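For the working numbering, count along the sequence shown from 1 and bump the result up by 181. Contents: one structure, followed by commentary.
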Amino acid sequence: MRLVRLCGTIEVSELCYGTLTLGPLQKGLTPKEGGRLLRLAFELGVNFFDTAELYGTYAHLAAGLAENINEVVIATKSYAPDAAGMEQSLAGALRSLNRDYIDIFLLHEQESLHTLRGHAPALEFLLRQREAGTVRAVGISTHHVAGVRAAQQYPEIEVVHPLINKAGIGIVDGSREDMAAAIHDAAKQNKGVYAMKALGGGSLYADALAAISYVRALPGVTAVALGMGSPADVYANCALFSQGAFPADYRPEQSRRRLHLEPWCNGCGVCTERCPQGALSLAAGKAVITAEKCVLCGYCVARCPDFNLKVI
Numbered sequence: 182m183r184l185v186r187l188c189g190t191i192e193v194s195e196l197c198y199g200t201l202t203l204g205p206l207q208k209g210l211t212p213k214e215g216g217r218l219l220r221l222a223f224e225l226g227v228n229f230f231d232t233a234e235l236y237g238t239y240a241h242l243a244a245g246l247a248e249n250i251n252e253v254v255i256a257t258k259s260y261a262p263d264a265a266g267m268e269q270s271l272a273g274a275l276r277s278l279n280r281d282y283i284d285i286f287l288l289h290e291q292e293s294l295h296t297l298r299g300h301a302p303a304l305e306f307l308l309r310q311r312e313a314g315t316v317r318a319v320g321i322s323t324h325h326v327a328g329v330r331a332a333q334q335y336p337e338i339e340v341v342h343p344l345i346n347k348a349g350i351g352i353v354d355g356s357r358e359d360m361a362a363a364i365h366d367a368a369k370q371n372k373g374v375y376a377m378k379a380l381g382g383g384s385l386y387a388d389a390l391a392a393i394s395y396v397r398a399l400p401g402v403t404a405v406a407l408g409m410g411s412p413a414d415v416y417a418n419c420a421l422f423s424q425g426a427f428p429a430d431y432r433p434e435q436s437r438r439r440l441h442l443e444p445w446c447n448g449c450g451v452c453t454e455r456c457p458q459g460a461l462s463l464a465a466g467k468a469v470i471t472a473e474k475c476v477l478c479g480y481c482v483a484r485c486p487d488f489n490l491k492v493i
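As structure tokens, then:
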């Protein structure tokens, strides 16, 4: 699989393995089970893996990549707003992944210039770690056009991980055209951009080839993170990125997932406050899911105090 320059000296496969799918917020695979899929992708040429403190997939990466873990590029994320919290996040990632450095560390889910300013102590800590060699590159992840625009005001931010897809699903504050323009402008500043949610959290599975092709062709996008929850997904996406086509017998729409709410939800409302897409609301004392807005990020799953939400 072809390697491309993301930023600085960091070269990545155009296909990035998004590990959110493997962990407790979605499929709930064990580290051994998920590790097999990660190992398969590595053997097929994938060298770029996206994770986060929230995802609970460090153990999957450690199990699957084992002795090869220093041969790949790992991007992780933390919500920590201050230096002390970010120091704990970095230490936890290094320990869990059995590495001396993290390739790319992102401020998780930044929304705007305002939130970036609020995370200034965490950003400054990561920049110090970059100087020390413990972090190779620093960046943000975002579902907001304003988040991408805010990153452009920070020359020290090298990587942007934005949400983009051909239907515009999940973009909180604008259209797909708005996000595409912001991505292009970020790339013009030599920021490395790798995209997420090309399939709209599963909504675009029936038109997967066109959906992925749209994101790959966007000016400024270097790589695309895709969740892969089965060997068939891994083989198919590796074939697409290395050979230009899915296998003839691959049917990605059969893997369609959805957010499930248990009937005993007590309507506490915590999930509605957490959802950045506005896909959850309250009615008749229970949470209600608006499926067409949901991108299956799983963040509500992590927040529900009674474990009544899950991606299935």
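C-beta: ideal position from N, C-alpha, C; glycine also. Since we're looking at a predicted model, the values are computed, not measured.
Legend entry - Cross-strand partners of A468 (DSSP beta bridge): By 1-based counting over the sequence shown, the position of residue 468 is 287. L463, per the DSSP bridge assignment.
Legend entry - Separation of D281 from L242, as counted between CA atoms: Here residue 242 corresponds to residue number 61 of the sequence shown, with the count starting at 1. Here residue 281 corresponds to residue number 100 of the sequence shown, with the count starting at 1. In a straight line, the C-alpha of L242 is about 15 Å away from that of D281.
Legend entry - Which residues DSSP lists as bridging F229, in chain order: By one-based count along the sequence shown, residue 229 stands at place 48. Bridge partners of F229: C197 and V254.
Inset, instruction - Name the two residues that bound the continuous alpha helix (DSSP H) containing Y236. - result: By one-based count along the sequence shown, residue 236 stands at place 55. Y236 -> no alpha helix (DSSP H), and no H or E assigned at all.
Inset, instruction - Would you mind stating whether R455 and C481 have Cβ atoms separated by less than 8 Å? - result: In the sequence shown, residue 455 corresponds to position 274, counting from 1. In the sequence shown, residue 481 corresponds to position 300, counting from 1. It is a contact, given that the beta carbons lie within the stated cut-off.
Legend entry - Extent of the continuous alpha helix (DSSP H) to which F422 belongs: By one-based count along the sequence shown, residue 422 stands at place 241. Segment P412 to Q424, the alpha helix (DSSP H) holding F422.
Inset, instruction - Drop a sphere of 10 angstroms on the beta-carbon of H295, count the other beta-carbons inside from all chains shown, and report buried for 16 or more, exposed for fewer. - result: The sequence position of residue 295 within the sequence shown is 114, counting from 1. Exposed is the call here.
Legend entry - Secondary structure of I493, DSSP reduced to three states: Within the sequence shown, residue 493 is the residue found at index 312, counting from 1. DSSP places I493 in coil when its eight states are reduced to three.
Inset, instruction - Alpha carbon to alpha carbon, how far is P400 from T471? Give it in angstroms, no decimals. - result: Stepping through the sequence shown from its first residue, residue 471 is reached at position 290. Stepping through the sequence shown from its first residue, residue 400 is reached at position 219. Rounded to the nearest angstrom, the two C-alpha atoms are 31 Å apart.
Legend entry - Proximity to L203 [Cα-Cα], best of G479, G273, A376 and R484: Here residue 203 refers to the residue found at position 22 of the sequence shown. Out of G479, G273, A376 and R484, G479 has the C-alpha closest to the C-alpha of L203.
Legend entry - Beta carbon of R317 nearer than 8 Å to that of D284: Locating residue 317 in the sequence shown gives position 136, counting from the first residue. Locating residue 284 in the sequence shown gives position 103, counting from the first residue. Cβ distance < 8 Å, so R317 and D284 count as in contact.
Legend entry - Q370 versus E337, M377, A376 and R397, residue with shortest Cα-Cα distance: For the purposes of this step, residue 370 is identified with residue 189 of the sequence shown, where counting begins at 1. Closest by alpha carbon: E337.
Inset, instruction - State the CB to CB distance for the pair S546 and L201, rounded to an integer number of angstroms; the pair is presumed to be in contact (CB under 8 Å). - result: Nothing about residue 546 can be reported from this structure: the residues present for the chain run from 182 to 493 only.
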